[in-house]
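Trainee: In the UniProt record's numbering, the protein residues as written are 1 to 671. Please read through the structure below; I'll follow up with questions.
Here is the structure:
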């Protein structure tokens, strides 16, 4: 039970329990700690501490940080991002006048933009702008993202605007994903500092994202029905700019890069010296002997044997011990990291040590970024054959570089999730056009409105997503990884039957309305299955991730999933253009006869290939099993190959964190 507030206020910060006392270096909390700002708030407004989830979050991270994170996620990732996502069909098809086939191709751009956010995480750890690794990068991304969103909405209502709109969409989504991944990196470090409040903070953020997505659906659906989808983009641009306020005043509470690096350096020295803040032992100074320097910077040890990759991946902003273990006012010049280089009169700082330790991740991220950008350019400007050959090249590159630059088990998981998302083809251009075709174009169609298709279905889809999370916790938590993933695929395949029934209009013969059949079909079940596929990946990674690189690895796998989703849409557009075309324009000329064949191939035949791939890439273990870095089950009492990596320490603090942290979006790209 927490200590009374009046007693807490008399405890100097330096005397409050410190996580470094924990010998495993994993960080920790005691029931005594409450953030100083939270103490002040709770003394003035005791009722604030009783607010569910919020009170616990404030205790660990303070009210400013809690409010800033929740509002940034609500306005940026939740509300602003979903306004852009939901408005795409109305913008490209209704406003610009593109065909469903062309929209199918350009819609994949959104997922591609979120598949390169891993490079942002790497660059933010390596470079600090104006003294901060995340603060000004987030603020700048909000401003630039708002500009691209506004430019997207201001494009003239002509077919010629389609390509430009796709480019602005890619850049706007990329900026939003930057804020997302940098915010995740920040609160991941906060949760390592005070893990007790971690689940509360993530749950708080998660609910704000969920509510924001529902609000966005309620706003954008009616706007699209009124033939004013661009208004939603203007609103999105405005809320993105509002987020800048939180970074200008630094409500996240991020400390300067040199301070963060100095704290990391001093904590590492204490670890190497076997001392703690209360041990009374003298700290090893940076110049006290060669051995200390070698241990602090093992990359400088020429006699060191080449280490496994899982020993070399170190996230620059996520050390193995809490970053507030050393009070800032105790730092001195000896603590300053000599591997921080200033450029441009101090406007830019380069963490050369971080770059050296993370060189494999940097190379991997750079290669994938180049591949995605090339694919995006060909998607907008290239022919169908250009797109086909580029897609094949990107698939090969994505698979090969995973095994070249990542530990074997992580590479397998990364490749599996990419293939899983790729083989379940997306036909957004065809399906959206079918469901919302006008009566004059397709008299026998469902004729859904944007309000139903985007708003009502979105609400039900989010509820289904929550059901998927619950189902995993209660049904699949003791099942095998392979069993869970195979069942997920089979559910998706069965759910696709409902779409085929609607396309063939069989539901009308048995008296089931289109709206009721749609809710029972793939559009809703897909959300459930997405979570059932993503959460086993999160838990698998939590057991094989190197300590200190969890957030980075999650970002990489999430990016691969987003790339797979974009590739699924790209392959779908190739089939639409060359194999089974459809007609979505012209009075009485709409032709969706080939849609059934597309669904049979993309939602039945290809997803079945995921089943044998599961046996090749996923370990034969249960979700609840402890496994080593090679995917072998660790028997109770046996010694794992990599104790710190195989344990669940450092894993997400809750299933909600697994969903929020770095997860790719269901259907398209919530990032």
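For every residue, glycine included, the Cβ atom is placed at its ideal position computed from N, Cα and C.
#1: Where DSSP assigns a beta bridge to residue 341, which residues make up the other side?
#2: Measuring alpha carbon to alpha carbon, tell me which residue in 78, 537 and 496 is nearest residue 519.
#3: Let's see if you can read the secondary structure: which residues bound the beta strand (DSSP E) around residue 621?
#4: Using the rule of at least 16 other Cβ atoms within 10 Å of the residue's Cβ for burial, across every protein chain shown, is residue 78 buried or exposed?
#5: Which of the three DSSP states is assigned to residue 132 in this structure?
#6: Is the distance from the Cβ of residue 83 to the Cβ of residue 220 below 7 Å?
#7: Under a three-way DSSP split, which group does residue 159 fall into?
#8: How far does the alpha helix (DSSP H) with residue 437 in it reach, from first residue to last?
#9: Tell me whether the segment 139-148 and the segment 172-187 touch, counting them as touching only if at least three CB pairs, one residue from each stretch, are closer than 8 Å.
#10: Using CA coordinates, which residue listed in 394, 444, 575 and 186 is at the minimum distance from residue 505?
#11: By DSSP, does residue 323 sit in helix, in strand, or in coil?
#12: Near residue 253, what residues of its chain come up, given a Cβ to Cβ distance below 7 Å and the 5 sequence neighbours on each side ignored?
#13: Helix, strand or coil, according to DSSP, for residue 396 in the structure here?
#14: In whole angstroms, give me the CA-to-CA distance for residue 456 and residue 215.
#15: With three or more C-beta pairs closer than 8 Å as the rule, is the segment 226-241 touching the segment 147-162?
#16: Buried or exposed for residue 194, please, with buried defined as at least 16 other CB atoms from any protein chain shown within 10 angstroms of its CB.
#17: Considering only the beta carbon of each residue, do residue 434 and residue 592 sit closer than 7 Å?
#18: Looking at residue 181 and residue 128, is the spacing between their C-beta atoms short of 7 Å?
#19: Take residue 467 as the anchor and find which of 424, 423, 529 and 499 has the nearest alpha-carbon.
#20: On the DSSP bridge list, what partners appear for residue 480?
#21: Express the C-alpha separation of residue 372 and residue 387 in angstroms, rounding to a whole number.
#22: Is the segment 423-430 in contact with the segment 93-109, if contact means three or more CB pairs nearer than 8 Å?
#23: Are residue 390 and residue 564 close, meaning C-beta to C-beta below 7 Å?
#24: Work out the CA separation of residue 572 and residue 384 for me, nearest whole Å.
#25: Should residue 357 be flagged as near chain B, meaning a C-beta pair shorter than 7 Å?
#26: What are the start and end residues of the alpha helix (DSSP H) that includes residue 599?
#27: Between the segment 154-169 and the segment 91-105, do three or more beta carbon pairs fall short of 8 Å?
#28: Under the three-state reduction of DSSP, which class applies to residue 487: helix, strand or coil?
#29: On the criterion of 16 or more Cβ atoms from any shown chain inside 10 Å, does residue 440 qualify as buried, or is it exposed?
#30: Could you tell me if residue 407 is buried or exposed, where buried requires 16 or more neighbouring beta carbons within 10 angstroms of its beta carbon?
#31: By alpha-carbon positions, which one of 581, 616, 597 and 503 ends up nearest to residue 481?
#32: Bridge partners of residue 264, per DSSP?
#33: Go through its chain and collect everything with a Cβ distance to residue 132's Cβ below 7 Å, but skip five positions before and after it.
#34: Could you check if residue 100 is buried or exposed, using at least 16 other CB atoms within 10 Å of its CB as the buried criterion?
#35: Closest to residue 403 by CA distance: which of 557, 123, 247 and 53 is it?
#36: In the DSSP assignment, what residue or residues form a beta bridge with residue 591?
Mentor: Let me spell this out:
#1: Position 341 of the chain shown holds residue 341. DSSP lists 350 as partners of residue 341.
#2: Mapped onto the chain shown, residue 519 falls at position 519. The option with the nearest alpha carbon to residue 519 is 496.
#3: Translated into positions along the chain shown, residue 621 becomes position 621. Residue 621 -> no beta strand (DSSP E), and no H or E assigned at all.
#4: For the purposes of this step, residue 78 is taken as the residue at position 78 of the chain shown. So residue 78 ends up on the buried side.
#5: Working through the chain shown from its first residue, we reach residue 132 at position 132. Correct three-state label for residue 132: strand.
#6: Here residue 83 refers to the residue found at position 83 of the chain shown. Here residue 220 refers to the residue found at position 220 of the chain shown. Going by C-beta atoms, residue 83 is nearer than 7 Å to residue 220.
#7: Against the chain shown, residue 159 aligns to sequence position 159. In this structure, residue 159 counts as coil in the three-state DSSP scheme.
#8: Numbered from 1 along the chain shown, position 437 holds the residue referred to as residue 437. That residue, residue 437, is in no alpha helix (DSSP H); it is neither H nor E in DSSP.
#9: yes
#10: Sequence index remark: in the chain shown, residue 505 carries index 505 (1-based). Taking only the C-alpha atoms, the option nearest residue 505 is 444.
#11: Walking along the chain shown from the start, residue 323 turns up at place 323. Note on residue 323: pLDDT 42, under 50, position unreliable in the model; the coordinate value appears next. If DSSP states are grouped into helix, strand and coil, residue 323 belongs with coil.
#12: Start at 1 with the first residue of the chain shown, and residue 253 comes out as number 253. Hits under 7 Å: 62, 64 and 65.
#13: Counting from one through the chain shown, the residue named residue 396 turns up at place 396. Correct three-state label for residue 396: helix.
#14: Residue 456 sits at position 456 when you count from the first residue of the chain shown. Residue 215 sits at position 215 when you count from the first residue of the chain shown. Cα-Cα distance, rounded: 11 Å.
#15: yes
#16: Counted from its first residue, the chain shown places residue 194 at position 194. The residue is buried, with at least 16 neighbouring Cβ atoms inside 10 Å.
#17: Reading the chain shown from its first residue, position 434 is the one you call residue 434. Reading the chain shown from its first residue, position 592 is the one you call residue 592. Against a cut-off of 7 Å, the Cβ pair of residue 592 and residue 434 comes out as a contact.
#18: Reading the chain shown from its first residue, position 128 is the one you call residue 128. Reading the chain shown from its first residue, position 181 is the one you call residue 181. Not a contact, by the Cβ cut-off of 7 Å.
#19: On the chain shown, residue 467 is found 467 positions in, with the first residue counted as 1. The shortest C-alpha separation from residue 467 is found at 529.
#20: Counting from 1 along the chain shown, the entry for residue 480 is found at position 480. Paired residues: 622.
#21: Working through the chain shown from its first residue, we reach residue 387 at position 387. Working through the chain shown from its first residue, we reach residue 372 at position 372. Going by the C-alpha atoms only, they are around 12 Å apart.
#22: yes
#23: The count along the chain shown starts at 1 and reaches residue 390 at position 390. The count along the chain shown starts at 1 and reaches residue 564 at position 564. No; because the gap between Cβ atoms is not below 7 Å, this pair is not in contact.
#24: For the purposes of this step, residue 384 is taken as the residue at position 384 of the chain shown. For the purposes of this step, residue 572 is taken as the residue at position 572 of the chain shown. Those two C-alpha atoms are separated by around 11 Å.
#25: Absent from the structure is chain B; it holds one protein chain and no more.
#26: As a first step, residue 599 is located in the chain shown; it is residue number 599 there, counting from the start. Looking at the DSSP string, the run of the alpha helix (DSSP H) that includes residue 599 is 595-600.
#27: yes
#28: For the purposes of this step, residue 487 is identified with residue 487 of the chain shown, where counting begins at 1. Helix, per DSSP.
#29: For the purposes of this step, residue 440 is taken as the residue at position 440 of the chain shown. It is exposed - the Cβ of residue 440 has fewer than 16 other Cβ atoms within 10 Å.
#30: Counting from 1 along the chain shown, the entry for residue 407 is found at position 407. With 16 or more other Cβ atoms within 10 Å, it is buried.
#31: In the chain shown, residue 481 corresponds to position 481, counting from 1. Of 581, 616, 597 and 503, the residue nearest in Cα terms is 616.
#32: In the chain shown, counting from the first residue as 1, residue 264 sits at position 264. Paired residue(s): none; residue 264 is not in a bridge.
#33: By 1-based counting over the chain shown, the position of residue 132 is 132. The answer, listed in chain order, is 254, 256 and 257.
#34: The sequence position of residue 100 within the chain shown is 100, counting from 1. By the 10 Å Cβ count, residue 100 comes out buried.
#35: In the chain shown, counting from the first residue as 1, residue 403 sits at position 403. Nearest option by C-alpha distance: 557.
#36: Within the chain shown, residue 591 is the residue found at index 591, counting from 1. DSSP lists 583 as partners of residue 591.
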